[in-house]
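Under numbering that gives the first Met the number 0, the sequence shown has 125 at position 126, and the numbering climbs by one with no breaks. For glycine and all other residues, C-beta sits at the position ideal for the given N, C-alpha and C. Report on the following structure.
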Amino acid sequence: MTDLPPGLPLPAERSPRSPYSGDNGGCWAATRAATMIPPADSLLKYDTPVLVSRNTEKRSPKARPLKVSPQQPGPSGPVPQPPKTKLPSTSCVPDPTKQAEEILNAILPPREWVEDTQLWIQQVSSTPSTRMDVVHLQEQLDLKLQQRQARETGICPVRRELYSQCFDELIREVTINCAERGLLLLRVRDEIRMTIAAYQTLYESSVAFGMRKALQAEQGKSDMERKIAELETEKRDLERQVNEQKAKCEAVEKRESERRQVEEKKHNEEIQFLKRTNQQLKQFSLIVWQVVSVAENLLFPKPLVPAQSSQAPKRESQMFNLAEVFRPEM
Numbered sequence: 000m001t002d003l004p005p006g007l008p009l010p011a012e013r014s015p016r017s018p019y020s021g022d023n024g025g026c027w028a029a030t031r032a033a034t035m036i037p038p039a040d041s042l043l044k045y046d047t048p049v050l051v052s053r054n055t056e057k058r059s060p061k062a063r064p065l066k067v068s069p070q071q072p073g074p075s076g077p078v079p080q081p082p083k084t085k086l087p088s089t090s091c092v093p094d095p096t097k098q099a100e101e102i103l104n105a106i107l108p109p110r111e112w113v114e115d116t117q118l119w120i121q122q123v124s125s126t127p128s129t130r131m132d133v134v135h136l137q138e139q140l141d142l143k144l145q146q147r148q149a150r151e152t153g154i155c156p157v158r159r160e161l162y163s164q165c166f167d168e169l170i171r172e173v174t175i176n177c178a179e180r181g182l183l184l185l186r187v188r189d190e191i192r193m194t195i196a197a198y199q200t201l202y203e204s205s206v207a208f209g210m211r212k213a214l215q216a217e218q219g220k221s222d223m224e225r226k227i228a229e230l231e232t233e234k235r236d237l238e239r240q241v242n243e244q245k246a247k248c249e250a251v252e253k254r255e256s257e258r259r260q261v262e263e264k265k266h267n268e269e270i271q272f273l274k275r276t277n278q279q280l281k282q283f284s285l286i287v288w289q290v291v292s293v294a295e296n297l298l299f300p301k302p303l304v305p306a307q308s309s310q311a312p313k314r315e316s317q318m319f320n321l322a323e324v325f326r327p328e329m
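Right, dumping it as structure tokens:
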């Protein structure tokens with residue numbers, strides 16, 4: 000009897016592991032099979048869980064085959080053989096099966112969980128896969144994508160998790176057939192995960208930066224609103240001052256226009272008055288000249304003498320007579 004709980008579903012094909020014998024251990028594992036809660040189902044094939052110890056002491060998962068605490072065999076059960084001392088090998092060629100198992104443990108470590116202070120471990124299956132296993136893997140992938148309602152486009156953690164499990168299963172199948180090809184696929188997987196992690200870190204940092212900027216903008220929003228209110232008040236005051244200055248300017252322009260019109264009117268009236276005065280003076284001077292001429296002719300008639308002989312003395316006498324006539328009385 001093995002130490003594997005018989006109540007758990009077994010994979011289709013599995014390689015023999017290191018069992019332990021004993022009726023006590025087998026009966027105890029059979030009674031615990033119904034109450035043990037296995038970890039979440041995965042597309043990666045695992046062997047049946049194995050009880051490692053009954054306390055919380057964890058054992059290195061890289062040790063294969065697994066050993067458990069010694070059990071006292073019953074009288075009717077087969078007696079376990081004592082461990083054989085390992086003799087030095089005469090051949091330097093390593094065991095291909097053991098090497099493949101070690102590579103599988105390094106690439107895909109076993110999963111462990113503790114239940115009721117008891118450590119259970121489940122290792123990756125080393126059974127070679129067939130074409131039907133690949134077809135079944137594809138069907139299981141499509142079914143899980145549909146059951147868990149994974150999104151077909153965009154960022155979807157569910158879809159990423161399922162495809163990661165599928166890729167790990169493909170790495171397991173390839174590693175069993177060719178370890179070198181499996182290690183190369185492991186490098187590809189690690190590179191993809193590293194790239195996704197870098198993108199995730201960049202996204203988280205950008206989101207944090209955006210949140211900080213949003214908080215800064217929210218904190219400065221009240222200051223900006225207060226400043227906007229002050230600027231609007233100042234704008235209204237300036238508009239009021241502009242309107243007042245415009246009204247003053249219009250009043251000054253109107254007043255100056257009226258004053259200019261009055262001054263122009265007054266100036267035109269003065270010009271007209273001066274023109275009329277000048278015209279009257281011209282007329283008066285002409286009349287005076289005519290009166291003087293008539294008076295001179297009446298007072299001093301001209302004698303009938305040759306004009307050529309006594310023209311100059313007559314002019315002087317006429318000027319003297321006119322001066323006497325227009326002389327003002329004392």
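- Query: How big is the Cα-Cα spacing for Ala294 and His266?
  - Reply: On the sequence shown, position 295 is the one that residue 294 refers to. On the sequence shown, position 267 is the one that residue 266 refers to. Rounded to the nearest angstrom, the gap between the Cα atoms of Ala294 and His266 is 41 Å.
- Query: Which ranges does the alpha helix (DSSP H) cover as unbroken runs of at least 4 residues, wholly within the region 115 to 179, from first to last along the chain?
  - Reply: Runs of the alpha helix (DSSP H) inside the region 115 to 179: 130 to 146, 156 to 176.
- Contact test: Glu252 Cβ vs the ligand ZN heavy atom, cutoff 6 Å: Judged by which ligands are present, the structure shown has none, so any question about the ligand ZN falls away.
- In this structure, does DSSP put Ser204 in helix, strand or coil? If you number the sequence shown from 1, residue 204 lands on position 205. Secondary structure of Ser204 (DSSP, three-state): helix.
- Message: Quick check on this structure: which residue in Leu103, Ser52, Ser205, Thr129 has the alpha carbon closest to the alpha carbon of Asp115?
- Response: The residue you call residue 115 lines up with position 116 of the sequence shown. Shortest Cα-Cα distance from Asp115 to any of Leu103, Ser52, Ser205, Thr129 involves Ser52.
- Message: With DSSP as the reference, identify every bridge partner of Arg110, one or two as the case may be.
- Response: In the sequence shown, the residue the question calls residue 110 occupies position 111. Answer is Gln121.
- Message: Going by C-alpha to C-alpha distance, which of Ile270, Ile106, Gln122 sits closest to Pro48?
- Response: Residue 48 sits at position 49 when you count from the first residue of the sequence shown. Of Ile270, Ile106, Gln122, the smallest CA-CA separation from Pro48 is found for Gln122.
- State whether the region 159 to 167 contacts the region 40 to 47, with contact taken as three or more CB pairs (one from each stretch) at a distance under 8 Å. With a cut-off of 8 Å, the region 40 to 47 and the region 159 to 167 count as touching, because enough Cβ pairs lie within range.
- Cα-Cα separation, Ala178 to Gly209: Within the sequence shown, residue 178 is the residue found at index 179, counting from 1. Within the sequence shown, residue 209 is the residue found at index 210, counting from 1. Each residue's alpha carbon lies about 46 Å from the other.
- Message: Taking only three categories from DSSP, how would you classify Ser52?
- Response: For the purposes of this step, residue 52 is taken as residue 53 along the sequence shown, with counting starting at 1. For Ser52, the three-state secondary structure derived from DSSP is strand.
- Below 7 Å between beta carbons: does that hold for Leu103 and Ser128? Start at 1 with the first residue of the sequence shown, and residue 103 comes out as number 104. Start at 1 with the first residue of the sequence shown, and residue 128 comes out as number 129. Between Leu103 and Ser128, the CB-CB gap reaches or exceeds 7 Å.
- Message: I believe Leu185 touches Ile106 by the beta-carbon criterion, under 8 Å. Please report the beta-carbon distance rounded to the nearest angstrom.
- Response: Here residue 185 refers to the residue found at position 186 when the sequence shown is read from its first residue. Here residue 106 refers to the residue found at position 107 when the sequence shown is read from its first residue. Right, their Cβ atoms sit about 5 Å apart.
- In chain order, what residues of the same chain lie with their CB nearer than 8 Å to the CB of Cys165, ignoring the 5 residues before and after it? Translated into positions along the sequence shown, residue 165 becomes position 166. If we look at Cys165 and ignore the five residues flanking it on each side, its Cβ neighbours are Leu42, Leu136, Leu140.
- Item | Whole-angstrom C-beta distance between Ile191 and Gly181, which should lie under 8 Å | Along the sequence shown, one-based indexing puts residue 181 at 182. Along the sequence shown, one-based indexing puts residue 191 at 192. Gly181 to Ile191, Cβ: 15 Å. No contact.
- Query: Got a sec? Which residues, its chain only, sit under 6 Å from Val157 by beta carbon, not counting five neighbours each side?
  - Reply: Within the sequence shown, numbered from 1, the residue matching residue 157 stands at position 158. Here the set comprises Arg147, Ala149.
- If Ala99 and Ile175 are in contact, beta carbons under 8 Å, what's the gap, nearest whole angstrom? Taking the sequence shown and counting its residues from 1, the one referred to as residue 99 is at position 100. Taking the sequence shown and counting its residues from 1, the one referred to as residue 175 is at position 176. So it is a contact: roughly 6 Å between Cβ atoms.
- Alpha carbon to alpha carbon, what distance is there between Tyr198 and Arg239? In the sequence shown, the residue the question calls residue 239 occupies position 240. In the sequence shown, the residue the question calls residue 198 occupies position 199. Here the C-alpha atom of Arg239 lies approximately 57 Å from the C-alpha atom of Tyr198.
- Query: What does DSSP give as the partner residues of Thr45 in its beta bridges?
  - Reply: Reading the sequence shown from its first residue, position 46 is the one you call residue 45. The amino acid at residue 45 is misidentified as Thr; the sequence shows Tyr. Here Tyr45 is bridged, per DSSP, to Val123.
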